[in-house]
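Written below as structure tokens is the structure these notes are about.
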Amino acid sequence: MEELELIVASVKQEMDAAIKHLDHAFQKIRAGRASTSMVQDVMVEYYGAMTPINQVANVSVPDAMTISIQPWDRSAIGPIEKAIINSNLGFAPSNNGDVIILNVPPLTEERRRDLAKQAKAETEQTKVVIRNARQEGNKELKRLEGVAEDLIKGVEKDIQDLTDAYVKKADDHLKVKEAEILKV
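The opening position of the sequence shown corresponds to residue 1 in full-length UniProt numbering, with each subsequent residue numbered one higher.
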């Protein structure tokens with residue numbers, strides 16, 4: 001019995017991780033407003049080491065269309081600008097010697113549709129991961145020996161119920177994100 005519970009817990013943990021990954025991916029997809037999460041994955045070469053941008057500068061959002069990046073060390077302005085350009089975020093950084101400013105252009109209707117497609121693709125990837133977790137759980141169940149078949153069938157049903165719940169959760173996240181993206 002303990003083995004069965006461990007298998008279900010493992011499957012649930014993998015599905016939770018998939019949803020967390022989806023949330024993280026959705027944070028990167030902008031919805032018309034500037035956000036510090038847009039640049040959180042930018043890595044800056046700082047004294048020879050690749051460092052997250054938030055560890056070399058203060059990143060803030062002074063208004064809905066601007067991201068402000070103020071390095072703690074003035075010598076980091078060049079590497080930060082280079083990292084932003086190389087990250088393919090679509091921003092052209094400008095600086096005044098102290099602060100780097102990123103202007104976030106308003107989204108066109110076509111760009112909004114592209115972002116919605118991107119969100120849908122991320123959701124589909126998440127569903128694949130969820131289904132793979134179900135498949136792995138079911139394989140683990142079949143490898144068990146000396147366990148009654150009706151117990152295994154019951155646990156398979158529990159895993160399927162978990163799968164359905166997490167797929168629905170992913171779809172719900174997508175609906176919210178699409179509404180956010182398509183809202184003008």
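We treat Cβ as the ideally placed atom computed from N, Cα and C, and that holds for glycine.
- The C-beta distance from isoleucine 53 to alanine 92 rounds to 16 Å, too long to meet the 8 Å contact threshold.
- The way I'd put it, the region 164 to 179 does touch the region 127 to 134; three or more beta-carbon pairs between them come closer than 8 Å.
- Note: isoleucine 69 is bridge-paired with Val59 and Ile100 in the DSSP secondary-structure output.
- The secondary-structure analysis by DSSP pairs alanine 49 across a beta bridge with Tyr46.
- By alpha-carbon distance to glutamine 40, the top candidate from Glu5, His24, Lys142 and Tyr47 is His24.
- Of all alpha-carbon atoms in Thr123, Leu4, Gln135 and Leu102, the one lying nearest the alpha-carbon of lysine 177 is that of Thr123.
- In the three-state scheme derived from DSSP, where H, G and I count as helix and E and B as strand, serine 94 is classed as strand.
- CA-CA distance, methionine 43 to glycine 90, rounds to 16 Å.
- Per DSSP, the continuous alpha helix (DSSP H) segment holding methionine 15 begins and ends at 2 to 28.
- The straight-line gap separating the alpha-carbon atoms of isoleucine 29 and lysine 120 is approximately 11 Å.
- Ranking Phe26, Ile67 and Gln160 by CA distance to the CA of alanine 179 puts Phe26 first.
- Taking the C-beta atoms as reference points, leucine 162 is found nearer than 8 Å to lysine 12.
- Nearest to alanine 18 by C-alpha distance, out of Val147, Ala133, Gln160 and Gln118, is Ala133.
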